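Participant:
Residue numbers (this note's numbering), protein chains in the order written: chain A, 521 to 787; chain B, 10 to 408.
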């Protein structure tokens, strides 16, 4: 939590926006995944969103579905992602948000998950299929506010509901840019701007926008008004297309640098 | 309402089970659906329109038939068949698709989508879409497209577009994943017709309400013909809609035993079965909490059954509650036992049952043994078997 807060303060001072990088942990395998993440951290991501693979990712498009399947095929599970988190924590101080569906957490044990996630150095979790209506069953085990439940808002979220969700939000707000699954086209910056303004009028937390953002141009557009942008499928696509190449981490790093540049507004 | 305490509660929970585990994009649509369902299911026009369609279009009430020769052959309890196979489109699924499609029309939605395994729900949805002049997309796993080819043709003939799903095992679970993904993108105009008592609230309750006509009719019919309640109700359970439809109106008749029959596939001691309630653990799949076939890290396992409609690693949340409270018991029947029952019904009664329903029938034939003819067992014959001819013939050829 402190890490998230401090990161956004730091970025504000530098006149930068956050580049949030998503990757499915363990894709294409555990050691390459760690190498890629290390490179991403060195190359400028401000927040890491680390995906726990799930067999039935209903909110994800084909690219992340396949990355999840690759990771599962390597025997990766929630327990191994928590170990990976611990290892990543030794090389970076950026906020780490675990990204997951609820079933792996439930199977692992919600209490045990919280304890081990905090211990491993994660700063929060985003559970894509756990709406506020059901989330008490998980957060009731959370002792203090050193761990954030990142709330999602969608283009379909009505104003009243949005205000209610914002009351229990912490860390930052994840604004889904469009109706649809991850990775699909159809980014409409003017709509996102409108909704970002609505969120700002009701809440002081940073707003990060995700889904359908893949190019530096997309990043520049969204970062001109939001506090951060999330890129996931575009990185996973690069992994998929260059899976056998020894310089895979550098290929991802190059993309990170291009996108990070588009979040800097100081010049 | 039959039940003393209302299930589900206002958040869609059946005890520990049920609920709404979906992404935020869908959440408002589900809340809108819940409001609309509670509103229109009490609306007089809606009720009259639906009951007229059920009577004049579906052909309800379906008969409750005493299977005299089969019962005599077993030499035990008397077996009655609730003939949902005689409903229009050949299965109970139409009860629900008419209800939901009518609701979609009242809500002003113009597109219907549905997932299908055996194809019966897909055919029922396509039929309803044609009847109401609505656009229709059916998501179906590639494995199921192959083994239920006649139903694919029927859906196409009815004007539906089939979307083949090749992710995962290419079965019902994957079709449902893909339908949910599509729905996220088209949530404003599209109504997602879920075919079972599964999915996020209000689906399990809504599907039960549209299917409970089966049990209501059954109760009247058996009282009329025998003057007493049945001893046992038996229905197959994939997601569990035909079982819930039969069981629900009898829940408070404590002396009526209820048996849900899952697919044991090649056997419960193998990994090729779909016995979610017998072998599963509590998890969240497709928007609700229920028993699920999964590994210890929460990855969903593949299910297996000769019957595409039972080939599902989840189950409706209310069945999970009925199992835990022991109000119903859940047993399982293997592929082979189901096939034997299918043949028995063909030969003794001249009825070709669906492979799904054959699981319930096989259990009834076991349960009936050693009982007196005064003992009444009612089987929900949820669908007809024409769609399964190829599967049955190719299986028989291998024997």
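Here a beta-carbon is modelled for each residue, glycine too, at the ideal position from N, C-alpha and C.
Note that the structure is predicted; figures quoted are calculated from it, not measured.
Given a threshold of 16 other Cβ atoms within 10 Å of its Cβ, counted over all protein chains shown, does residue 329/B qualify as buried or as exposed?
Facilitator: As a first step, residue 329/B must be located in the second chain, where it is residue number 320. Buried.
Participant: Just to confirm before moving on: does the CB-CB distance between residue 528/A and residue 747/A stay below 8 Å?
Facilitator: Here residue 528/A refers to the residue found at position 8 when the first chain is read from its first residue. Here residue 747/A refers to the residue found at position 227 when the first chain is read from its first residue. Yes, they are a contact pair.
Participant: Regarding residue 679/A and the ligand NAP, is the C-beta to nearest heavy atom distance less than 7 Å?
Facilitator: Absence of the ligand NAP is noted for the structure shown, with no ligands found whatsoever.
Participant: Relative to the C-alpha of residue 174/B, which candidate in 164/B, 168/B, 187/B, 162/B has its C-alpha closest?
Facilitator: In the second chain, residue 174/B corresponds to position 165, counting from 1. Of the candidates 164/B, 168/B, 187/B, 162/B, the one whose C-alpha sits nearest the C-alpha of residue 174/B is 187/B.
Participant: Could I get the ranges of all uninterrupted beta strand (DSSP E) runs contained in the region 647–712 of chain A, with 3 residues as the minimum, in chain order?
Facilitator: Fully enclosed beta strand (DSSP E) runs of 3 or longer: 671–673, 693–696.
Participant: What span of residues does the alpha helix (DSSP H) with residue 374/B cover, start to end?
Facilitator: Residue numbering aside, residue 374/B sits at position 365 when the second chain is read from its first letter. Unbroken alpha helix (DSSP H) run through residue 374/B: 364–377.
Participant: Starting from residue 36/B and walking both ways along the alpha helix (DSSP H), at which residues does that stretch end?
Facilitator: Locating residue 36/B in the second chain gives position 27, counting from the first residue. Where residue 36/B is concerned, the enclosing alpha helix (DSSP H) stretches over 36–49.
Participant: Just confirm the distance between the C-beta atoms of residue 351/B and residue 341/B, as a whole number of angstroms; I'd bet it's less than 8 Å.
Facilitator: By one-based count along the second chain, residue 351/B stands at place 342. By one-based count along the second chain, residue 341/B stands at place 332. About 16 Å separates the two Cβ atoms, so there is no contact after all.
Participant: Could you tell me which uninterrupted alpha helix (DSSP H) segments, each at least 4 residues in length, are contained entirely in the region 312–350 of chain B, listed from first to last along the chain?
Facilitator: 326–333
Participant: At 3 residues or longer, and completely inside the region 97–149 of chain B: list those beta strand (DSSP E) runs for me, N to C.
Facilitator: 120–125
Participant: In the structure shown, what three-state DSSP assignment does residue 292/B receive?
Facilitator: In the second chain, counting from the first residue as 1, residue 292/B sits at position 283. Strand.
Participant: May I have the straight-line CA-CA distance separating residue 707/A from residue 733/A, to the nearest angstrom?
Facilitator: Your numbering for residue 707/A matches position 187 in the first chain. Your numbering for residue 733/A matches position 213 in the first chain. Approximately 7 Å between the Cα atoms of the pair.
Participant: Which bits of chain A does residue 189/B rub up against, with CB to CB less than 8 Å?
Facilitator: To locate residue 189/B, count along the second chain from 1; it is residue 180. What residue 189/B touches in chain A: 578.
Participant: For the alpha helix (DSSP H) containing residue 779/A, list its first residue and its last residue.
Facilitator: For the purposes of this step, residue 779/A is identified with residue 259 of the first chain, where counting begins at 1. First-last of the alpha helix (DSSP H) with residue 779/A: 768–781.
Participant: Using a Cβ distance threshold of 8 Å, determine whether the region 391–401 of chain B contacts the region 85–100 of chain B, with at least three qualifying pairs required.
Facilitator: yes
Participant: DSSP on residue 170/B, reduced to helix/strand/coil?
Facilitator: Mapped onto the second chain, residue 170/B falls at position 161. In the structure shown, residue 170/B sits in a strand (DSSP, three-state: E or B).
Participant: Would you please verify whether the beta carbon of residue 651/A is less than 8 Å from any beta carbon of chain B?
Facilitator: Position 131 of the first chain holds residue 651/A. At least one chain B Cβ lies under 8 Å of residue 651/A.
Participant: Are any of the Cβ atoms in chain A nearer than 8 Å to that of residue 152/B?
Facilitator: The count along the second chain starts at 1 and reaches residue 152/B at position 143. For residue 152/B, the answer is no, since every Cβ of chain A falls outside 8 Å of its Cβ.
Participant: Taking only runs of the alpha helix (DSSP H) that begin and end inside the region 217–245 of chain B, which ones reach a length of at least 4 residues, in chain order?
Facilitator: 222–235
Participant: Pull up the distance between the alpha-carbon of residue 661/A and that of residue 397/B, whole angstroms please.
Facilitator: Here residue 661/A corresponds to residue number 141 of the first chain, with the count starting at 1. Here residue 397/B corresponds to residue number 388 of the second chain, with the count starting at 1. Residue 661/A and residue 397/B have their C-alpha atoms roughly 49 Å apart.
Participant: With which residues is residue 90/B paired in a DSSP beta bridge?
Facilitator: Here residue 90/B is taken as the residue at index 81 of the second chain, counted from 1. Beta-bridge pairing links residue 90/B to 74/B, 388/B.
Participant: Is there a Cβ of chain A sitting closer than 8 Å to that of residue 384/B, yes or no?
Facilitator: For the purposes of this step, residue 384/B is taken as residue 375 along the second chain, with counting starting at 1. No, its Cβ sits nowhere closer than 8 Å to a Cβ of chain A.
Participant: Do you know whose CA, among 577/A, 526/A, 749/A, 691/A, lies nearest residue 177/B's CA?
Facilitator: If you number the second chain from 1, residue 177/B lands on position 168. Ranking the options by Cα distance to residue 177/B, first place goes to 577/A.
Participant: DSSP three-state label for residue 416/B, please.
Facilitator: Missing from the structure shown is residue 416/B; chain B here goes from 10 to 408 and no further.
Participant: For residue 144/B, would you say it is in contact with chain A, using Cβ-to-Cβ distances shorter than 8 Å as the test?
Facilitator: Within the second chain, the letter at position 135 stands for residue 144/B. Not closer than 8 Å to any Cβ of chain A, the Cβ of residue 144/B fails to qualify, so no.
Participant: Throw me the rounded Cβ distance for the residue 557/A and residue 568/A pair, which I believe falls under 8 Å.
Facilitator: For the purposes of this step, residue 557/A is taken as the residue at position 37 of the first chain. For the purposes of this step, residue 568/A is taken as the residue at position 48 of the first chain. Sure, about 7 Å apart at Cβ, within 8 Å.
Participant: So with Cβ pairs under 8 Å, would you call residue 678/A a contact of chain B?
Facilitator: Residue numbering aside, residue 678/A sits at position 158 when the first chain is read from its first letter. Closer than 8 Å to some Cβ of chain B, the Cβ of residue 678/A qualifies, so yes.
Participant: Which residues in the same chain have their Cβ closer than 7 Å to the Cβ of residue 638/A, if we skip the five residues on either side of it in sequence?
Facilitator: If you number the first chain from 1, residue 638/A lands on position 118. 666, 667.
Participant: At 7 Å on the CB atoms, spell out the chain B contacts of residue 700/A, in chain order.
Facilitator: Taking the first chain and counting its residues from 1, the one referred to as residue 700/A is at position 180. Within chain B, the residues near residue 700/A are 193, 194.
Participant: Rounded to whole angstroms, how far is the Cβ of residue 566/A from the Cβ of residue 604/A, which I believe are closer than 8 Å?
Facilitator: The residue given as residue 566/A occupies position 46 in the first chain. The residue given as residue 604/A occupies position 84 in the first chain. With a contact defined as Cβ atoms closer than 8 Å, residue 566/A and residue 604/A miss out at about 19 Å.
Participant: By the DSSP assignment, the alpha helix (DSSP H) with residue 561/A in it spans what residues?
Facilitator: Start at 1 with the first residue of the first chain, and residue 561/A comes out as number 41. Looking at the DSSP string, the run of the alpha helix (DSSP H) that includes residue 561/A is 550–563.
Participant: Residues bridged to residue 609/A by DSSP?
Facilitator: The residue you call residue 609/A lines up with position 89 of the first chain. Residue 609/A is not bridged to any residue.
Participant: Using DSSP with H/G/I as helix, E/B as strand and the rest coil, what is residue 586/A?
Facilitator: To locate residue 586/A, count along the first chain from 1; it is residue 66. Of the three classes helix, strand and coil, the one that applies to residue 586/A here is helix, per DSSP.
Participant: Could you check whether the region 268–277 of chain B touches the region 152–168 of chain B, counting it as contact only if at least three pairs of C-beta atoms, one from each stretch, sit closer than 8 Å?
Facilitator: no
Participant: From 630/A, 779/A, 570/A, pick the residue whose C-alpha is nearest to that of residue 606/A; which is it?
Facilitator: For the purposes of this step, residue 606/A is identified with residue 86 of the first chain, where counting begins at 1. Among 630/A, 779/A, 570/A, the Cα nearest to that of residue 606/A belongs to 570/A.
Participant: Give me the DSSP bridge partner(s) of residue 541/A.
Facilitator: Here residue 541/A refers to the residue found at position 21 when the first chain is read from its first residue. Bridge partners of residue 541/A: 568/A, 751/A.
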